[in-house]
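The structure under discussion appears below in the form of C-alpha coordinates.
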Amino acid sequence: MTEFLDGPAGRRIAFERQPGKGPGVVFLGGFRSDMRGTKAEYLADWAARDGRAYLRFDYSGHGESGGAFEDGEIGAWAADAIAAISALTDGPQVLVGSSMGGWISLLVARAMPEKVAGLVGIAAAPDFTEIGYWDSADEAQRASLLRDGRWELPSEYSDEPYVITRRLIEEGRDQLVLDKPLALPFPVRLLQGTADEDVPRDWALRLMDHADSPDLRLVLVKGADHRFSTPECLSLITGAIAEVLRG
1 MTEFLDGPAG
11 RRIAFERQPG
21 KGPGVVFLGG
31 FRSDMRGTKA
41 EYLADWAARD
51 GRAYLRFDYS
61 GHGESGGAFE
71 DGEIGAWAAD
81 AIAAISALTD
91 GPQVLVGSSM
101 GGWISLLVAR
111 AMPEKVAGLV
121 GIAAAPDFTE
131 IGYWDSADEA
141 QRASLLRDGR
151 WELPSEYSDE
161 PYVITRRLIE
171 EGRDQLVLDK
181 PLALPFPVRL
191 LQGTADEDVP
201 RDWALRLMDH
211 ADSPDLRLVL
221 VKGADHRFST
231 PECLSLITGA
241 IAEVLRG
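Numbering of the sequence shown is given in our numbering, commencing with residue 1 and proceeding in unit increments.
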(Lines of atoms letter the chains of each structure in order from A and count residues from 1; the text may use other names and numbers.)
(Lines give C-alpha, C1' and ligand atoms only; values in the text may rest on other atoms or scores of the structure.)
Protein backbone atom coordinates (compact mmCIF):
# COMPACT_ATOMS: atom_id res chain seq x y z
CA MET A 1 0.00 0.00 0.00
CA THR A 2 1.29 3.44 -0.92
CA GLU A 3 2.21 5.71 1.96
CA PHE A 4 3.63 9.22 1.96
CA LEU A 5 6.58 10.86 3.68
CA ASP A 6 6.97 14.59 4.20
CA GLY A 7 10.32 14.99 2.52
CA PRO A 8 12.84 17.82 2.11
CA ALA A 9 11.52 21.29 1.29
CA GLY A 10 7.95 20.09 1.73
CA ARG A 11 8.18 17.51 -1.07
CA ARG A 12 5.67 14.65 -0.61
CA ILE A 13 7.41 11.33 -1.23
CA ALA A 14 5.36 8.23 -2.09
CA PHE A 15 6.73 4.92 -0.83
CA GLU A 16 5.93 1.30 -0.16
CA ARG A 17 7.65 -0.55 2.67
CA GLN A 18 7.69 -4.28 3.40
CA PRO A 19 8.78 -5.52 6.83
CA GLY A 20 11.40 -8.23 7.18
CA LYS A 21 14.88 -9.15 8.25
CA GLY A 22 17.91 -6.99 7.71
CA PRO A 23 19.96 -5.80 6.06
CA GLY A 24 17.04 -4.46 4.10
CA VAL A 25 17.00 -3.71 0.37
CA VAL A 26 16.21 -0.27 -1.05
CA PHE A 27 15.38 0.15 -4.73
CA LEU A 28 16.32 3.46 -6.35
CA GLY A 29 14.71 3.93 -9.72
CA GLY A 30 15.87 5.68 -12.84
CA PHE A 31 15.21 8.95 -14.63
CA ARG A 32 11.45 9.41 -15.09
CA SER A 33 10.77 5.88 -13.85
CA ASP A 34 8.78 4.92 -10.76
CA MET A 35 8.37 2.27 -8.09
CA ARG A 36 5.87 0.29 -10.21
CA GLY A 37 8.42 -0.77 -12.81
CA THR A 38 9.33 -4.37 -13.62
CA LYS A 39 12.51 -4.46 -11.54
CA ALA A 40 10.92 -2.79 -8.51
CA GLU A 41 7.96 -5.19 -8.59
CA TYR A 42 10.21 -8.22 -9.07
CA LEU A 43 12.29 -7.23 -6.06
CA ALA A 44 9.13 -6.76 -3.98
CA ASP A 45 8.12 -10.35 -4.73
CA TRP A 46 11.63 -11.64 -4.09
CA ALA A 47 11.90 -9.79 -0.77
CA ALA A 48 8.53 -11.16 0.35
CA ARG A 49 9.63 -14.72 -0.39
CA ASP A 50 12.94 -14.16 1.40
CA GLY A 51 11.40 -12.37 4.38
CA ARG A 52 13.68 -9.43 3.61
CA ALA A 53 12.84 -5.83 4.50
CA TYR A 54 12.29 -3.82 1.31
CA LEU A 55 11.71 -0.16 0.54
CA ARG A 56 10.84 1.46 -2.76
CA PHE A 57 9.80 5.05 -3.36
CA ASP A 58 9.29 7.71 -6.01
CA TYR A 59 11.51 10.78 -6.20
CA SER A 60 9.65 14.08 -6.25
CA GLY A 61 8.16 14.69 -9.68
CA HIS A 62 8.11 10.94 -10.36
CA GLY A 63 5.31 8.42 -10.09
CA GLU A 64 2.97 9.06 -7.18
CA SER A 65 5.13 11.63 -5.41
CA GLY A 66 4.32 15.32 -5.41
CA GLY A 67 5.96 18.02 -7.48
CA ALA A 68 6.68 18.57 -11.15
CA PHE A 69 9.37 16.56 -12.89
CA GLU A 70 10.77 19.64 -14.64
CA ASP A 71 11.37 21.32 -11.27
CA GLY A 72 13.62 18.45 -10.20
CA GLU A 73 17.36 18.04 -10.12
CA ILE A 74 19.88 15.40 -9.06
CA GLY A 75 20.60 16.99 -5.68
CA ALA A 76 16.91 17.19 -4.78
CA TRP A 77 16.28 13.59 -5.78
CA ALA A 78 19.32 12.46 -3.78
CA ALA A 79 17.94 14.41 -0.81
CA ASP A 80 14.62 12.60 -1.27
CA ALA A 81 16.45 9.26 -1.17
CA ILE A 82 18.45 10.21 1.91
CA ALA A 83 15.30 11.34 3.70
CA ALA A 84 13.41 8.15 2.81
CA ILE A 85 16.23 5.84 3.84
CA SER A 86 16.84 7.75 7.06
CA ALA A 87 13.19 7.78 8.10
CA LEU A 88 11.94 4.45 6.80
CA THR A 89 14.72 1.89 7.32
CA ASP A 90 16.55 0.37 10.28
CA GLY A 91 20.26 -0.27 10.12
CA PRO A 92 22.45 -0.61 7.03
CA GLN A 93 20.75 -1.29 3.71
CA VAL A 94 21.67 -2.81 0.36
CA LEU A 95 21.07 -0.09 -2.23
CA VAL A 96 19.92 -1.29 -5.65
CA GLY A 97 20.21 1.59 -8.10
CA SER A 98 18.94 1.42 -11.66
CA SER A 99 20.38 3.87 -14.22
CA MET A 100 20.06 7.31 -12.57
CA GLY A 101 19.35 5.40 -9.36
CA GLY A 102 22.91 4.14 -9.57
CA TRP A 103 24.13 7.73 -9.37
CA ILE A 104 21.70 8.50 -6.55
CA SER A 105 22.88 5.45 -4.63
CA LEU A 106 26.48 6.67 -4.87
CA LEU A 107 25.43 10.06 -3.50
CA VAL A 108 23.60 8.32 -0.64
CA ALA A 109 26.69 6.24 0.09
CA ARG A 110 28.84 9.35 0.11
CA ALA A 111 26.45 11.19 2.44
CA MET A 112 25.85 8.38 4.95
CA PRO A 113 28.11 5.35 4.44
CA GLU A 114 27.05 3.97 7.81
CA LYS A 115 23.62 3.23 6.30
CA VAL A 116 24.98 1.19 3.39
CA ALA A 117 25.68 -2.54 3.70
CA GLY A 118 26.33 -2.94 -0.01
CA LEU A 119 25.41 -1.63 -3.44
CA VAL A 120 24.11 -3.15 -6.67
CA GLY A 121 24.18 -0.94 -9.74
CA ILE A 122 22.04 -1.85 -12.77
CA ALA A 123 23.27 0.09 -15.80
CA ALA A 124 24.44 2.69 -13.30
CA ALA A 125 24.64 6.16 -14.81
CA PRO A 126 26.69 8.43 -12.54
CA ASP A 127 27.26 11.94 -13.87
CA PHE A 128 25.00 11.27 -16.89
CA THR A 129 23.83 14.88 -17.11
CA GLU A 130 27.40 15.88 -17.86
CA ILE A 131 29.07 12.92 -19.59
CA GLY A 132 25.88 12.02 -21.41
CA TYR A 133 23.67 14.96 -22.26
CA TRP A 134 26.12 17.88 -22.10
CA ASP A 135 29.20 16.21 -23.57
CA SER A 136 27.23 14.79 -26.50
CA ALA A 137 25.62 18.12 -27.39
CA ASP A 138 27.06 20.30 -30.13
CA GLU A 139 27.57 24.05 -29.85
CA ALA A 140 24.16 24.87 -31.32
CA GLN A 141 22.40 22.54 -28.90
CA ARG A 142 24.28 23.97 -25.94
CA ALA A 143 23.38 27.49 -27.03
CA SER A 144 19.75 26.42 -27.34
CA LEU A 145 19.70 25.05 -23.78
CA LEU A 146 21.28 28.19 -22.38
CA ARG A 147 18.85 30.37 -24.32
CA ASP A 148 15.61 28.45 -23.86
CA GLY A 149 16.34 26.74 -20.55
CA ARG A 150 15.33 23.31 -21.82
CA TRP A 151 15.68 20.59 -24.40
CA GLU A 152 12.88 18.26 -25.48
CA LEU A 153 14.36 14.93 -26.48
CA PRO A 154 12.53 11.92 -27.93
CA SER A 155 12.16 8.88 -25.70
CA GLU A 156 11.77 5.25 -26.72
CA TYR A 157 10.13 4.57 -23.36
CA SER A 158 7.31 7.10 -23.62
CA ASP A 159 5.23 9.04 -26.15
CA GLU A 160 6.13 12.18 -24.22
CA PRO A 161 9.57 13.73 -24.84
CA TYR A 162 12.19 13.89 -22.14
CA VAL A 163 12.49 17.46 -20.95
CA ILE A 164 16.08 18.24 -19.99
CA THR A 165 16.33 21.56 -18.19
CA ARG A 166 19.26 23.91 -17.87
CA ARG A 167 18.76 23.60 -14.12
CA LEU A 168 19.20 19.82 -14.30
CA ILE A 169 22.47 20.16 -16.19
CA GLU A 170 23.96 22.97 -14.11
CA GLU A 171 22.93 21.58 -10.71
CA GLY A 172 24.16 18.14 -11.76
CA ARG A 173 27.70 19.53 -11.82
CA ASP A 174 27.50 19.94 -8.05
CA GLN A 175 26.69 16.23 -7.68
CA LEU A 176 29.40 14.64 -9.84
CA VAL A 177 31.09 11.57 -8.35
CA LEU A 178 33.59 10.55 -11.04
CA ASP A 179 35.71 13.69 -10.73
CA LYS A 180 36.80 13.10 -7.12
CA PRO A 181 37.69 10.14 -4.89
CA LEU A 182 34.79 7.71 -4.47
CA ALA A 183 35.10 5.48 -1.42
CA LEU A 184 32.69 2.52 -1.34
CA PRO A 185 33.79 0.54 1.74
CA PHE A 186 31.36 -2.35 1.22
CA PRO A 187 30.61 -5.01 -1.43
CA VAL A 188 29.59 -3.59 -4.82
CA ARG A 189 28.17 -5.40 -7.84
CA LEU A 190 27.70 -3.64 -11.18
CA LEU A 191 25.46 -5.19 -13.86
CA GLN A 192 25.63 -3.90 -17.41
CA GLY A 193 24.15 -4.98 -20.73
CA THR A 194 26.33 -4.81 -23.83
CA ALA A 195 23.34 -3.74 -25.99
CA ASP A 196 22.47 -0.82 -23.71
CA GLU A 197 22.03 2.23 -25.95
CA ASP A 198 21.47 4.66 -23.05
CA VAL A 199 24.37 3.81 -20.76
CA PRO A 200 27.52 2.72 -22.63
CA ARG A 201 29.54 -0.13 -21.17
CA ASP A 202 32.47 2.31 -21.00
CA TRP A 203 30.66 4.10 -18.18
CA ALA A 204 30.53 0.86 -16.18
CA LEU A 205 34.24 0.31 -16.74
CA ARG A 206 34.99 3.89 -15.77
CA LEU A 207 33.02 3.53 -12.54
CA MET A 208 34.71 0.23 -11.71
CA ASP A 209 38.16 1.72 -12.29
CA HIS A 210 37.35 4.87 -10.34
CA ALA A 211 35.65 3.52 -7.22
CA ASP A 212 37.64 2.41 -4.18
CA SER A 213 35.97 -0.74 -2.86
CA PRO A 214 37.35 -3.88 -1.17
CA ASP A 215 34.95 -6.09 -3.15
CA LEU A 216 33.75 -4.74 -6.49
CA ARG A 217 32.76 -6.85 -9.49
CA LEU A 218 31.31 -5.94 -12.88
CA VAL A 219 29.13 -8.38 -14.83
CA LEU A 220 28.66 -7.68 -18.54
CA VAL A 221 25.64 -9.39 -20.09
CA LYS A 222 25.91 -9.85 -23.83
CA GLY A 223 22.84 -8.61 -25.66
CA ALA A 224 21.07 -7.15 -22.63
CA ASP A 225 19.55 -3.71 -23.17
CA HIS A 226 18.97 -0.80 -20.80
CA ARG A 227 15.77 -2.22 -19.36
CA PHE A 228 17.70 -5.22 -17.98
CA SER A 229 14.34 -6.85 -17.26
CA THR A 230 14.37 -10.25 -18.94
CA PRO A 231 13.94 -13.21 -16.59
CA GLU A 232 17.64 -13.93 -16.86
CA CYS A 233 18.59 -10.34 -16.04
CA LEU A 234 16.17 -10.16 -13.12
CA SER A 235 17.69 -13.34 -11.73
CA LEU A 236 21.14 -11.78 -12.00
CA ILE A 237 19.95 -8.82 -9.93
CA THR A 238 18.75 -10.96 -7.03
CA GLY A 239 21.87 -13.07 -7.34
CA ALA A 240 24.00 -9.95 -7.01
CA ILE A 241 22.00 -8.86 -3.95
CA ALA A 242 22.55 -12.29 -2.38
CA GLU A 243 26.31 -11.98 -3.00
CA VAL A 244 26.37 -8.58 -1.36
CA LEU A 245 24.38 -9.84 1.62
CA ARG A 246 26.87 -12.65 2.11
CA GLY A 247 29.55 -10.00 2.31
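Note that beta-carbon positions come from the ideal geometry of N, C-alpha and C, so glycine has one too. Quick caveat, the model's predicted, so the values are computed rather than measured.
Burial state of residue i (16 or more Cβ within 10 Å)
i: Pro113; result: exposed
i: Lys21; result: exposed
i: Gly10; result: exposed
i: Ser86; result: exposed
i: Lys115; result: buried
i: Gly91; result: exposed
i: Gly51; result: exposed
i: Glu16; result: buried
i: Thr194; result: exposed
i: Lys222; result: exposed
i: Ala242; result: exposed
i: Arg56; result: buried
i: Arg189; result: buried
i: Gly29; result: buried
i: Arg147; result: exposed
i: Ser99; result: buried
i: Asp198; result: buried
i: Pro187; result: buried
i: Leu153; result: exposed
i: Arg142; result: exposed
Residue i: first and last residue of the uninterrupted alpha helix (DSSP H) it sits in
i: Ala78; result: 74-88
i: Gly70; result: It is worth fixing the name first, because residue 70 is Glu in this sequence and not Gly. No alpha helix (DSSP H) holds Glu70; DSSP gives it neither H nor E.
Reduced DSSP category for residue i - H, G, I as helix; E, B as strand; rest coil
i: Asp50; result: helix
i: Ile17; result: Note on residue identity: the sequence assigns Arg, not Ile, to residue 17. DSSP places Arg17 in strand when its eight states are reduced to three.
i: Pro231; result: helix
i: Asp58; result: coil
i: Arg12; result: strand
i: Asp6; result: strand
i: Gly102; result: helix
i: Gly24; result: strand
When the options are compared against residue i, the one with the closest alpha-carbon
i: Gly97; options: Asp58, Ser144, Gly223; result: Asp58
i: Gly75; options: Arg36, Asp127, Ser213, Met35; result: Asp127
i: Ser33; options: Tyr42, Phe15, Phe69, His62; result: His62
i: Gly72; options: Arg189, Val163, Asp135; result: Val163
i: Gly172; options: Ile131, Leu218, Arg56, Leu119; result: Ile131
i: Val120; options: Gly102, Leu207, Glu232; result: Gly102
i: Glu170; options: Ile104, Asp202, Thr129, Ser105; result: Thr129
i: Arg12; options: Arg49, Trp46, Asp80; result: Asp80
i: Pro181; options: Leu190, Thr2, Arg246, Arg110; result: Arg110
i: Ala240; options: Pro19, Leu28, Leu216; result: Leu216
i: Ala125; options: Gly67, Arg206, Gly149, Pro8; result: Arg206
i: Gly66; options: Ala47, Glu3, Leu107; result: Glu3
i: Leu88; options: Tyr54, Met1, Gly118, Arg142; result: Tyr54
i: Leu245; options: Phe31, Ala40, Leu95, Ala84; result: Leu95
i: Thr230; options: Leu5, Ala211, Gly37, Pro23; result: Gly37
i: Asp179; options: Ser155, Trp151, Asp209; result: Asp209
Extent of the continuous beta strand (DSSP E) run through residue i
i: Gly121; result: 116-122
i: Gly97; result: 93-98
i: Glu130; result: Note, Glu130: premise wrong, no beta strand (DSSP E); not H, not E.
| Runs of beta strand (DSSP E) lying entirely within the segment 148-217, each at least 3 residues, in chain order | 150-153, 162-165, 188-193
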